[in-house]
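Scroll down for the structure; my scribbles are underneath it.
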Amino acid sequence: MISASHNPFYDNGIKFFSIDGTKLPDAVEEAIEAEMEKEISCVDSAELGKASRIVDAAGRYIEFCKATFPNELSLSELKIVVDCANGATYHIAPNVLRELGANVIAIGCEPNGVNINAEVGATDVRALQARVLAEKADLGIAFDGDGDRVIMVDHEGNKVDGDQIMYIIAREGLRQGQLRGGAVGTLMSNMGLELALKQLGIPFARAKVGDRYVLEKMQEKGWRIGAENSGHVILLDKTTTGDGIVAGLQVLAAMARNHMSLHDLCSGMKMFPQILVNVRYTAGSGDPLEHESVKAVTAEVEAALGSRGRVLLRKSGTEPLIRVMVEGEDEAQVTEFAHRIADAVKAV
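Going by the numbering used here, the sequence shown opens with residue 2, and the numbers climb by one from there.
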């Protein structure tokens, strides 16, 4: 798959999938990268095999998505703003929702090759929030460039992230007697998700950040649902990898079945203030996370938070960024702590 995922067009790359439709393990991807660094030796053209085109791939995929939505339900009572990030879902998601009965207003559906994820989509929901309020819509749904992430917006303009989406889907699965095992989040998952699932008696485990690691943990435990707060939601009962449209449809099904708004479906989960600061660094200039000054400031913040919060520092897997996350009960304190650590990283 040729994809920049949630990134700007100039960060475009290639994503590999296994024969089972899952992302490849790190070791396999590293082996492929190593081969690409070598001089390429080609076989005779007659031995290359052939490429074939799937006729009506978009139409087939639309039908697949619709098949994950319960037959007895309809979206006819919902007014939905959908933001397709000027990306892969632009001619898919609006049609899926319309064919299921929704009144759809589409934005971010004019890709030109360079505007993918540009101030639209799951990584920037400001345009979606404004349009939901302007249209007095029931909710908004945003996908990222390649459609494997979904973020939602309720009728009041509040952002609903991947943690909240997984909470809604897991709770609905429990109510319907369809939830098998627990749910997998990541080190970035909000403490509120863990507590809310615990109250429901749903086991919760954290994986490393990255949807492939979420999937590995799900397979290890034999569980069927996992998600990142960034909007990657994996539902193994429906598909093999993150699919924003499919995940979004499960939330819409919960709304339709229970005659509840998205806002009300989220009300059982209290989100802890979580501040994320991204700090760009020069690749190849050393690891800022190993610097003593960064370690010292981080230790001070962790001591101040105690058991009432968390600190997580990690490198982005796709960009030269250090992600600084601080979580706790007091938003002002958490914000100050996050920027204190970020300043230490910048100073390295």
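For glycine and all other residues, C-beta sits at the position ideal for the given N, C-alpha and C.
A buried status is given to lysine 24, since no fewer than 16 other beta-carbon atoms sit within 10 Å of its beta-carbon. Taking histidine 340 as reference, the option from Glu173, Gly318, Val302 with the minimal CA-CA separation is Val302. Taking the C-beta atoms as reference points, isoleucine 117 is found nearer than 8 Å to phenylalanine 10.
Excluding the 5 residues flanking it on each side, leucine 237 has same chain C-beta neighbours closer than 7 Å at Met219, Arg225, in chain order. Residue pairing for alanine 52: DSSP places it in no beta bridge.
In this structure, Leu263 is the residue among Leu263, Lys160, Glu48, Glu36 with its C-alpha nearest to the C-alpha of lysine 80.
In this chain, the beta strand (DSSP E) harbouring aspartate 155 covers 151 to 155.
Rounded to whole angstroms, the Cβ separation of valine 97 and isoleucine 246 is 6 Å, and the two are in contact under 8 Å. Each residue's CA atom was taken as its position, placing cysteine 85 and lysine 316 some 27 Å apart. When secondary structure is reduced to three states using DSSP, phenylalanine 10 falls in the helix class.
The beta carbon of leucine 306 sits closer than 6 Å to the beta carbons of Gly329 from its chain, once the five residues preceding and following it are set aside; these are given in chain order. Leucine 180 is classed as buried because its beta carbon has at least 16 other beta carbons within 10 Å across all chains shown. In the structure shown, serine 231 falls within a coil segment according to DSSP collapsed to helix, strand and coil. DSSP places threonine 299 in the helix class (H, G or I) of the three-state scheme. Taking a cut-off of 8 Å for Cβ pairs, the region 271 to 280 and the region 341 to 348 touch, as three or more such pairs fall below it.
Where glutamine 334 is concerned, there is no enclosing beta strand (DSSP E), although the alpha helix (DSSP H) around it starts and stops at 332 to 348. Each of His92, Gly88, Leu134 was checked against the Cα of glutamate 120, and the nearest Cα belongs to Gly88.
Annotation for arginine 176: the continuous alpha helix (DSSP H) segment containing it runs 163 to 176. Ranked by Cα distance from cysteine 267, the first of Asp155, Val29, Glu221, Ile203 is Asp155. For arginine 213, the enclosing alpha helix (DSSP H) starts and ends at 212 to 222. Alanine 143 and serine 308 have their C-alpha atoms spaced approximately 34 Å apart.
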